[in-house]
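Line order of the protein sequences matches chains A and B.
Basically the working numbering = 1-based index in the first sequence + 355.
Basically the working numbering = 1-based index in the second sequence + 355.
Number of protein chains: 2
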Amino acid sequence: MLKHGILGLLNYGDMTGYEIRTVFKDSLNHFWQAQTSQIYRELQALEKNGWITSSHVEQKGKPDKNIHSITDEGRKELVRWLKEEDEQGTIRNYILMRTFFRGECSIAENIEYFKTLPEKEKVFPDGQSDAVQATGDYQKMIDDPLKALYWKFTIDFGIMYEKMIKEWCDNCVHELEALTSEASDT
Amino acid sequence: MLKHGILGLLNYGDMTGYEIRTVFKDSLNHFWQAQTSQIYRELQALEKNGWITSSHVEQKGKPDKNIHSITDEGRKELVRWLKEEDEQGTIRNYILMRTFFRGECSIAENIEYFKTLPEKEKVFPDGQSDAVQATGDYQKMIDDPLKALYWKFTIDFGIMYEKMIKEWCDNCVHELEALTSEASDT
DNA sequence: TGGGTCATGTAACCTGTTACATGATTAG
DNA sequence: CTAATCATGTAACAGGTTACATGACCCA
């Protein structure tokens, strides 16, 4: 999956590993994170597959860099991957794993847990969500407004997800508080 | 994370690796999947850590089995993990990765993509969602209604997520269709 | 003088996936 | 007779994380 993410970025233009890391942090961070170590490893794999080529460029006053470019084979692979069926049933939700076993903690502790969770689980940490993103560096890279639309879709998703988490947590708190008031009624 | 999931299940009662796999499929499948190979591997690791003990039981007419039990150390570790801060920023969303690069496909293809996506991404495939789950085997295992409540919370999440996906896809379709009608207007 | 940016990576480890392997009993 | 259920795992590989390592330049 990361392989194809990198391939997709290189399809917009040549980049160094370092730049790829930056784009990940600036523009894909709300749905995918990648370590530098993994990026460099995947770049090697992509080159082995013939999906990208790399050229070494010497620089003055800065470290040398390796510029990576997508090949025709790579472009073919990108489109093949886009049309591939999404694999189902690979959900892996950390929050729900911890929620499932929360019976081991007290109700009061869990009310607190669900009250503070939305803040911790924010997709866009600074709360500026689309505003920040819309003025980010990524706009410079995607001149095509159509391509920028799909990028906006991913941000929409993040906003909706954040809202959903909030509603879910509120509901959990309500149900738990109902239990405690019941107990004090009797 | 899987380690602690297994620990949590063994806290409800002794189980074989096979039973753990079954519970995963029946009750945790909507937020976590685990292969048998991984379960057996993690059981070995849990035993090494002293969090569980295992005893070999011979059977007639059936293969022998290994029954795993949580230790006091294991129970301590389970609670420690529950109170641990959730690690942030490890979102990894396959759908959004593919969405991000959809500019490489035609608008018509993408409208089709977002129209069929909700069906493919269903958390509860047969559409019975809570009904099926509420009458499932898991109820037998959790006699404590309070513990069952947290399990219900995870199902609530699944239902809300499914609904959110639907709304998001509908919106994507709308925005893409608006583009095509604009084009035909001129 | 200290921290940030540019720029590269390796090594070890942990976690998850795919494929393979065995074999008896039981229900339809 | 055949498929499902019970019950165990190993091996190889793929993907992700953590820690380490280097070094110059620029700005405050």
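Cβ coordinates follow ideal geometry from the N, Cα and C atoms, glycine included.
Between which two residues does the beta strand (DSSP E) harbouring residue i extend?
i        : result
Ile425/B : Lys420 to Ile425
Val412/A : Ile407 to Val412
Shorter than 8 Å from the beta carbon of residue i to some beta carbon of chain B?
i        : result
Phe512/A : yes
Gln388/A : yes
Trp506/A : yes
Val528/A : no
Glu459/A : yes
Ile543/A : Residue 543/A lies beyond the stretch modelled for chain A, which goes from 356 to 541, so this question has no answer here.
Phe456/A : yes
Lys502/A : yes
Asp525/A : no
Arg453/A : yes
Asp499/A : yes
His423/A : no
Leu401/A : no
Leu365/A : no
Gly360/A : yes
Roughly how far, in whole angstroms, is the beta-carbon of residue i from the beta-carbon of residue j, given that I think they are within contact range, below 8 Å?
i        : j        : result
His411/A : Asp369/A : Actually they do not touch by this definition, with Cβ atoms about 13 Å apart.
Tyr505/B : Arg457/A : 5 Å
Leu383/A : Ile425/A : Not confirmed; about 17 Å, so no contact.
His385/A : Trp436/A : Their Cβ separation, rounded to whole angstroms, is 21 Å, which puts His385/A and Trp436/A out of contact at 8 Å.
Gln388/A : Thr445/B : 7 Å
Gly405/B : Glu428/B : 5 Å
Leu357/B : Val378/B : 13 Å between Cβ atoms; not a contact.
Could you give the residue range of the alpha helix (DSSP H) that holds residue i?
i        : result
Asn384/A : Asn384/A -> no alpha helix (DSSP H), and no H or E assigned at all.
Lys477/B : Per DSSP, Lys477/B belongs to no alpha helix (DSSP H) and is neither H nor E.
Asn366/B : Leu357 to Tyr367
Thr377/A : Gly372 to Val378
Gln393/A : Thr391 to Lys403
Arg453/A : Tyr449 to Phe455
Express the C-alpha separation of residue j and residue i in angstroms, rounding to a whole number.
i        : j        : result
Ile328/A : Thr471/B : No information on residue 328/A is available, as it lies outside the stretch 356 to 541 that chain A covers here.
Glu522/A : Asp419/B : 47 Å
Met519/B : Lys475/B : 14 Å
Val434/A : Val434/B : 47 Å
Thr391/B : Arg430/A : 37 Å
Gly491/B : Leu531/B : The pLDDT assigned to Gly491/B is 47, lower than 50, so where the model puts this residue is not dependable, and the model offers no usable value.
Leu401/B : Asn366/B : 13 Å
Gly372/A : Leu501/B : 50 Å
Cys524/A : Thr454/A : 11 Å
Val478/A : Asp381/A : 13 Å
Ser463/B : Asp499/B : Correcting the residue type first, residue 463/B is Ala in the shown sequence and not Ser. Using only the alpha carbons, I get a separation of about 51 Å.
Lys507/A : Cys527/B : 10 Å
Met452/B : Glu432/B : 35 Å
Ile375/B : Arg396/B : 13 Å
Glu517/A : Pro473/A : 7 Å
Glu537/A : Glu467/A : 18 Å
Gln399/A : Ile510/B : 41 Å
Asn421/A : Glu459/A : 52 Å
Asp441/A : Phe469/B : 12 Å
Phe512/A : Ile514/B : 16 Å
Asn465/B : Ala533/A : 45 Å
Thr529/B : Ser461/B : It should be pointed out that residue 529/B corresponds to His in this sequence rather than to Thr. Approximately 15 Å, taken between the alpha carbons.
Ile394/B : Lys403/B : 14 Å
Consult DSSP for residue i and reduce its assignment to one of helix, strand or coil.
i        : result
Glu439/A : coil
Asp499/B : coil
Ser536/B : helix
Thr445/B : coil
Cys524/A : helix
Pro473/B : helix
Leu531/A : helix
With a threshold of 8 Å between beta-carbons, can residue i be considered close to chain A, or not?
i        : result
Val434/B : yes
Ile450/B : yes
Asp441/B : yes
Thr509/B : yes
Glu413/B : no
Arg376/B : no
Asp427/B : no
Glu522/B : yes
Asp369/B : no
Lys475/B : yes
Gly372/B : no
Leu398/B : no
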